[in-house]
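Notes follow once the structure below has been shown.
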Amino acid sequence: MIFSEELQIVTKHQGLLEITRKVRDAVTNSCVQNGLCTVFVRHTSASLIIQENADPSAKRDLEYFLNKLIPENDSGFTHTFEGPDDMPSHIKAALTQTSVVIPVVSGEMTLGTWQGIYLWEHRASPHSRTIVVHCMGED
Amino acid sequence: MIFSEELQIVTKHQGLLEITRKVRDAVTNSCVQNGLCTVFVRHTSASLIIQENADPSAKRDLEYFLNKLIPENDSGFTHTFEGPDDMPSHIKAALTQTSVVIPVVSGEMTLGTWQGIYLWEHRASPHSRTIVVHCMGED
Amino acid sequence: MIFSEELQIVTKHQGLLEITRKVRDAVTNSCVQNGLCTVFVRHTSASLIIQENADPSAKRDLEYFLNKLIPENDSGFTHTFEGPDDMPSHIKAALTQTSVVIPVVSGEMTLGTWQGIYLWEHRASPHSRTIVVHCMGED
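If you read the sequences in order, they're chains A, B and C. Following my numbering, the numbering of the first sequence begins with 1 at its first residue and continues without gaps. Following my numbering, the numbering of the second sequence begins with 1001 at its first residue and continues without gaps. Following my numbering, the numbering of the third sequence begins with 2001 at its first residue and continues without gaps.
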């Protein structure tokens, strides 16, 4: 069984946006009971991570730290014509994930109790992001 | 053929713990000859990487560098109630991997000569970590 | 359908080398119409990322930033016998990807318009790198 679905996610600004429920719905729609769920973001200035979904302060500190680690207006940057947040966005995407792969067992992703799947918007302005959710396995 | 197994790994402290042999045993148990092996850690303060397994000094320097890059007690952190090592753990996990996917060809993972699979415990105190090893393919 | 192919890529120096066309050719050869393409690098001092392929300045700034973030000759490094660029290479590999997984739909990888697949050589001198391209799915 192979199933794929595109999600369109509208982001308002920089930051982590939880998409676990949308991915879980796609896994349910796929009817895959045992297999793999692959989540793939079709952009280079947004990325994916699996992170703690229990306490919003963890999310906030992740955003804070990555902004501190990769600041805008680095005097060495030459790729600047799309704005000061663009090159840091590509670097943040390179240091996190374009795809995450999660085993599916008995119809459920094997996420831990506190794990959520997040789209990380790295650009400052709103964007429409396309994510492919792909499920492959047996029903 | 689809096979999945949970590994329970007890960690003693922060650092890289090689799990290549345990993953290899799961691949053998799966009877998959050609396919994919996915290793997935069900936590957000521990992560996975594939790294050099020849010289322990590479492992030590990786631990040293990540601790220097993401120090405890950053004055900007707000997620502090689980201890000073908790928020750095989430950041280290976000910058490394929650899952690694390795092709299986002729019954063997296609790891290079010096590649090992590691669980990276980011917390200071001992933890019991659950890892899913999932194999899918043909026998 | 399961197909795998090894690519040998000769690198001349540190930096990003686009391999999208070679991976696309392997997907075509595999005859997989719907499934997963996994790209896996069999080394620990080179890695993979999916990044912007439109403007060479993005590539250059990525290289610049990672070199600045992880400089050679850190006085804390002990793994130094293979040269000053070796330990930074392992760290850069740990912070990027050993494998990338891309859904295949209707015979094509679901890469976005500006996404390219890159081998990132982290060593200063030329190397021959082995990459496994693995395709699994239905024809």
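Glycine included, each C-beta is placed from N, C-alpha and C at the ideal position.
Short check: CB of B/Thr1038 to CB of B/Ser1099, under 8 Å?
Residue 1038 of chain B sits at position 38 when you count from the first residue of the second sequence. Residue 1099 of chain B sits at position 99 when you count from the first residue of the second sequence. The answer is yes: Cβ separation under 8 Å.
I'd like to check one pair, B/Leu1111 with C/Arg2042: are the Cβ atoms closer than 8 Å?
By 1-based counting over the third sequence, the position of residue 2042 of chain C is 42. By 1-based counting over the second sequence, the position of residue 1111 of chain B is 111. Yes. Within cutoff.
Is the CB-CB distance between A/Met1 and A/Gly137 below 8 Å?
Mapped onto the first sequence, residue 1 of chain A falls at position 1. Mapped onto the first sequence, residue 137 of chain A falls at position 137. Their beta carbons are under 8 Å apart, which means A/Met1 touches A/Gly137 by this criterion.
Could you tell me whether the Cβ atoms of C/Val2010 and C/Ser2128 are closer together than 8 Å?
For the purposes of this step, residue 2010 of chain C is taken as residue 10 along the third sequence, with counting starting at 1. For the purposes of this step, residue 2128 of chain C is taken as residue 128 along the third sequence, with counting starting at 1. Contact: yes.
Extent of the continuous beta strand (DSSP E) to which C/Leu2017 belongs:
On the third sequence, position 17 is the one that residue 2017 of chain C refers to. Unbroken beta strand (DSSP E) run through C/Leu2017: Gly2015 to Glu2018.
First through last residue of the beta strand (DSSP E) which encompasses B/Phe1003
For this step, residue 1003 of chain B is matched to residue 3 along the second sequence. Segment Ile1002 to Thr1011, the beta strand (DSSP E) holding B/Phe1003.
Is the number of C-beta pairs between the stretch 2068-2075 of chain C and the stretch 2086-2099 of chain C that are closer than 8 Å three or more?
yes
Could you name the residues that DSSP lists as bridge partners for B/Pro1103?
Here residue 1103 of chain B corresponds to residue number 103 of the second sequence, with the count starting at 1. B/Leu1036.
Who are the Cβ neighbours of C/Leu2016 in its own chain at under 6 Å, not counting the five residues just before and after it?
Your numbering for residue 2016 of chain C matches position 16 in the third sequence. Lys2059, Tyr2118 and Trp2120, listed in sequence order.
Rounded separation between C/Leu2062 and A/Asn29 - CA only:
To locate residue 2062 of chain C, count along the third sequence from 1; it is residue 62. To locate residue 29 of chain A, count along the first sequence from 1; it is residue 29. So the alpha carbons of these two residues sit roughly 38 Å apart.
According to DSSP, simplified to helix, strand and coil, what is B/His1127?
Taking the second sequence and counting its residues from 1, the one referred to as residue 1127 of chain B is at position 127. Strand.
Kindly give me the distance between the Cβ atoms of A/Asn34 and A/Val104, rounded to whole angstroms, as I take these residues to be in contact under 8 Å.
The residue given as residue 34 of chain A occupies position 34 in the first sequence. The residue given as residue 104 of chain A occupies position 104 in the first sequence. For a cut-off of 8 Å, the C-beta gap from A/Asn34 to A/Val104 is around 6 Å, short enough to register as a contact.
Relative to the alpha-carbon of C/His1952, which residue among C/Pro2056, C/Ile2019 and C/Leu2036 has its alpha-carbon at the smallest distance?
The first residue shown for chain C is 2001 and the last is 2139, placing residue 1952 of chain C beyond what the model contains.
Give the range of the alpha helix (DSSP H) segment to which A/Ile91 is assigned.
Locating residue 91 of chain A in the first sequence gives position 91, where the first residue counts as 1. Taken as a continuous stretch (DSSP letters only), the alpha helix (DSSP H) holding A/Ile91 covers Asp86 to Leu95.
Among residues of its own chain, excluding the 5 on either side of B/Thr992, which ones have a beta-carbon nearer than 7 Å to its beta-carbon?
Residue 992 of chain B is absent from the model: chain B starts at 1001 and stops at 1139.
Assigned secondary structure, C/Leu2062 (DSSP; H/G/I helix, E/B strand, else coil):
Residue 2062 of chain C sits at position 62 when you count from the first residue of the third sequence. Helix, per DSSP.
Select from the stretch 1094-1105 of chain B all residues with a C-beta closer than 8 Å to any C-beta belonging to chain C, and list them in chain order.
Leu1095, Thr1096, Gln1097, Val1100, Val1101, Ile1102, Pro1103 and Val1105
Does A/Ser45 come out as helix, strand or coil in the three-state DSSP assignment?
Indexing the first sequence from 1 puts residue 45 of chain A at position 45. DSSP places A/Ser45 in coil when its eight states are reduced to three.
Have a look at B/Ala1046, B/Glu1005, B/Met1109 and B/Thr1096 and flag the residue whose alpha-carbon is nearest the alpha-carbon of B/Gln1014.
In the second sequence, counting from the first residue as 1, residue 1014 of chain B sits at position 14. The shortest Cα separation from B/Gln1014 among B/Ala1046, B/Glu1005, B/Met1109 and B/Thr1096 belongs to B/Ala1046.
Starting from A/Ile117, trace the beta strand (DSSP E) in both directions and tell me its first and last residue.
Stepping through the first sequence from its first residue, residue 117 of chain A is reached at position 117. It spans Gln115 to Glu121 - the beta strand (DSSP E) in which A/Ile117 sits, taken as one unbroken run.
With 8 Å set as the bound, which would you pick, yes or no: does the beta-carbon of C/Ser2004 sit closer than that to a beta-carbon of chain B?
Mapped onto the third sequence, residue 2004 of chain C falls at position 4. For C/Ser2004, the nearest CB of chain B lies under 8 Å from its own CB, placing it at the interface with that chain.
For A/Thr78 and B/Pro1056, the rounded distance between their alpha carbons
Counting from 1 along the second sequence, the entry for residue 1056 of chain B is found at position 56. Counting from 1 along the first sequence, the entry for residue 78 of chain A is found at position 78. Rounded to whole angstroms, the gap between the alpha carbons of B/Pro1056 and A/Thr78 is 38 Å.
Measuring only the C-alpha atoms, how far is B/Val1065 from C/Asp2139?
On the second sequence, position 65 is the one that residue 1065 of chain B refers to. On the third sequence, position 139 is the one that residue 2139 of chain C refers to. Inspection of the sequence shows that residue 1065 of chain B is occupied by Phe rather than by Val. Each residue's Cα considered, the two are about 46 Å apart.
To the nearest angstrom, how far is it from the Cα of A/Arg141 to the Cα of A/Gly116?
The question about residue 141 of chain A has no answer, for chain A in this structure spans 1 to 139.
Counting only the same chain and skipping the five closest in sequence on each side, list residues whose C-beta sits under 6 Å from that of B/Arg1123.
For this step, residue 1123 of chain B is matched to residue 123 along the second sequence. Closer than 6 Å at the Cβ level, and outside the excluded window around B/Arg1123, lie Ser1045, Asp1085 and Ser1089.
If you drop the 5 nearest sequence neighbours on each side, which residues of the same chain put their C-beta closer than 6 Å to that of B/Gly1076?
For the purposes of this step, residue 1076 of chain B is identified with residue 76 of the second sequence, where counting begins at 1. Excluding residues within five positions, none has a Cβ falling inside 6 Å.
Determine the burial state of A/Thr113: buried for a count of at least 16 other Cβ atoms within 10 Å of its Cβ, exposed for fewer.
In the first sequence, the residue the question calls residue 113 of chain A occupies position 113. When all chains shown are included, A/Thr113 counts as exposed.
Alpha carbon to alpha carbon, how far is B/Glu1082 from A/Val132?
Within the second sequence, the letter at position 82 stands for residue 1082 of chain B. Within the first sequence, the letter at position 132 stands for residue 132 of chain A. When rounded, the distance between both Cα atoms is 35 Å.
If the criterion is Cβ atoms closer than 8 Å, does the pair B/Pro1126 and B/Lys1022 meet it?
In the second sequence, the residue the question calls residue 1126 of chain B occupies position 126. In the second sequence, the residue the question calls residue 1022 of chain B occupies position 22. At a Cβ-Cβ threshold of 8 Å, B/Pro1126 and B/Lys1022 do not count as neighbours.
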